[in-house]
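Okay, structure first, notes after.
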């Protein structure tokens, strides 16, 4: 099981807003446990999809200079079940962004239905070390995430800044 | 990967409090991505583990009546540290409110007595048949599955030892 | 601009802390410490600052709330404790806080513990007066 909970970016406005899509498929292992006979997308994995959408948005706004990690879920509310065959749309907006941290608000939808509202605080752990040991390199923004962003830019004809 | 984030329930005060463990193993494939040089349990799976622990409390307290027990709202889930492979996270979840269709919990995760995550969870519980009577047999299938899984994760105390 | 009454500031700060820390209203008293009594973590401090900025429409640079530059200055710190000059500098930089207890054991890792609800109210009050 890969740990990528978004499939592609539909919108990417640097420093402001991003929309990423995730298709829910029976091909995914985990959904068959949750629950047997009635598979639904787990709420925690929708939080992750939003966190990845918002995290890349925050990271890119600072040139991927720091490791941006999920520090706090302020609020995640769920309104509707999500089933195989649904396409989840995570829309994340940067609310605040500083050297130390960032906050984002998010709306998750399937079609016209509001599925979830997910508000997050990210920490830039290079700034907020407190006796924790972790590697030097930016392990957070690995190839898979960066290639999602590059695919979006290629498809939207955007010139990738040098 | 099986989406089971609670490996063992060690304490259960019916309807009041549950203590459980999640053991983290390098064999869990998603760790290869999270992160490549620094494998740690993703924060949302800590949330899932706490949610599943709370859900077991609900299922036990309501005699497995609702088939679907899901997170309705998570508030102020704060992450303080990481869980590395080979370590065990203790999930301590206290029930603040418990009704037929809804429950509220104060949840904490710790490693060796150091708190690594905490948050407030609201769960909702229901049967599929509540919305569509044709799904009553699916509810039964889920209930059966959950009872069997519960037997796997629940550590039985020897006869005579207090569990409640 | 007319000064905002302290009571009004306290109400808004209280609501902010209730929202950010999942505590009950009656736990949020003037004397309650953020870390000790209300269970705030360092990430909660960041969250709280963001919420206060929104609630009061002010900017709160981290350095004004907790002067990290003083706490990491080798002239002021030995073995992770502030010396006399360090404590004096800290007092000057943190007029919103009561540092009497902290002074007895000026451990730089424990700086967050000085923050009471009253400290936050003081800080916001001063910020609003200055704007």
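Protein chains in written order, with the working numbering: chain A, 10 to 171; chain B, 855 to 1018; chain C, 149 to 279.
For each residue, glycine too, the CB sits at the ideal point set by N, CA and C.
Treat the numbers as computed from the prediction; the structure is a model and nothing was measured.
task: Could you name the residues of the segment 931 to 960 of chain B whose beta carbon sits closer than 9 Å to any beta carbon of chain C, in the order they occur along the chain?
output: Within the segment 931 to 960 of chain B, the residues whose Cβ lies closer than 9 Å to some Cβ of chain C are 932, 933, 934, 960, listed in chain order.
message: Does the structure place the segment 906 to 921 of chain B close enough to the segment 146 to 158 of chain A that three or more beta carbon pairs sit under 8 Å?
response: The segment 146 to 158 of chain A vs the segment 906 to 921 of chain B: no contact.
query: In chain A, which residues lie with their C-beta within 7 Å of the C-beta of residue 191 of chain C?
result: 80, 81, 130, 132
- prompt: At a Cβ threshold of 7 Å, is residue 61 of chain A touching chain C?
  reply: no
field: Nearest-angstrom Cα separation, counted from residue 74 of chain A out to residue 171 of chain A
entry: Legend: pLDDT at residue 171 of chain A = 45, less than 50; position of this residue unreliable, value from coordinates given subsequently. Rounded to the nearest angstrom, the gap between the Cα atoms of residue 171 of chain A and residue 74 of chain A is 15 Å.
field: residue 943 of chain B - partner residues in DSSP beta bridges
entry: DSSP lists B/876 as partners of residue 943 of chain B.
7 Å Cβ cutoff met for residue 939 of chain B and residue 878 of chain B: yes
- prompt: Using a beta-carbon distance below 7 Å, is residue 171 of chain A in contact with chain B?
  reply: Any reading at residue 171 of chain A must be qualified, since the residue scores a pLDDT of 45, below 50, and its modelled position is unreliable; no value is offered.
message: Once the 5 residues before and after residue 20 of chain A are set aside, which same chain residues still bring their CB inside 7 Å of it?
response: 26, 27, 28
task: Give the interface partners of residue 203 of chain C over in chain B, defined as CB-CB distance under 9 Å, in chain order.
output: Those within 9 Å of residue 203 of chain C in chain B number zero; the least Cβ separation is about 17 Å.
message: Along the segment 155 to 176 of chain C, where does the CB come closer than 7 Å to a CB of chain B? Name the residues.
response: 168, 169, 170
- request: Could you pull out every residue in the same chain whose Cβ sits closer than 7 Å to the Cβ of residue 203 of chain C, ignoring the five residues on either side in sequence?
  value: 160, 164
Contacting residues, own chain, Cβ-Cβ under 7 Å from residue 104 of chain A (five flanking each side not counted): Closer than 7 Å at the Cβ level, and outside the excluded window around residue 104 of chain A, lie 112, 113, 114.
- prompt: When the Cα atoms are used, what is the spatial distance from residue 39 of chain A to residue 130 of chain A?
  reply: 27 Å
query: Along the chain, where does the alpha helix (DSSP H) that runs through residue 198 of chain C open and close?
result: 190 to 204
query: Where does residue 172 of chain A sit, in a helix, a strand or coil, going by DSSP?
result: With chain A running from 10 to 171 in the structure shown, residue 172 of chain A is simply not present.
query: Assuming residue 884 of chain B and residue 79 of chain A make a contact with CB atoms under 8 Å, what is their CB distance in whole Å?
result: With 8 Å as the limit, residue 884 of chain B and residue 79 of chain A do not qualify as a contact, their Cβ atoms being about 15 Å apart.
task: Could you confirm whether any beta carbon from chain B is found closer than 7 Å to the beta carbon of residue 74 of chain A?
output: no
- prompt: Residues of chain C with CB under 7 Å from residue 27 of chain A, in chain order?
  reply: Near residue 27 of chain A there are no residues of chain C at all, since even the closest Cβ is about 20 Å away, more than 7 Å.
task: With a floor of 4 residues, list each alpha helix (DSSP H) that falls wholly inside the segment 101 to 164 of chain A, ordered by position along the chain.
output: 152 to 164
Span of the alpha helix (DSSP H) around residue 207 of chain C: Element bounds for residue 207 of chain C: n/a, residue is neither H nor E.
query: By the 10 Å Cβ neighbour count, where 16 or more other Cβ atoms means buried, how is residue 1000 of chain B classified, buried or exposed?
result: buried
message: For residue 134 of chain A and residue 875 of chain B, what's the separation of their Cα atoms in angstroms?
response: 27 Å
message: For a contact defined as C-beta to C-beta under 7 Å, what are the partners of residue 992 of chain B on chain A?
response: Simply 46, 47.
- prompt: So what does residue 77 of chain A bridge to, in DSSP terms?
  reply: A/133
query: With distances taken between CB atoms, is the gap from residue 91 of chain A to residue 119 of chain A smaller than 7 Å?
result: yes
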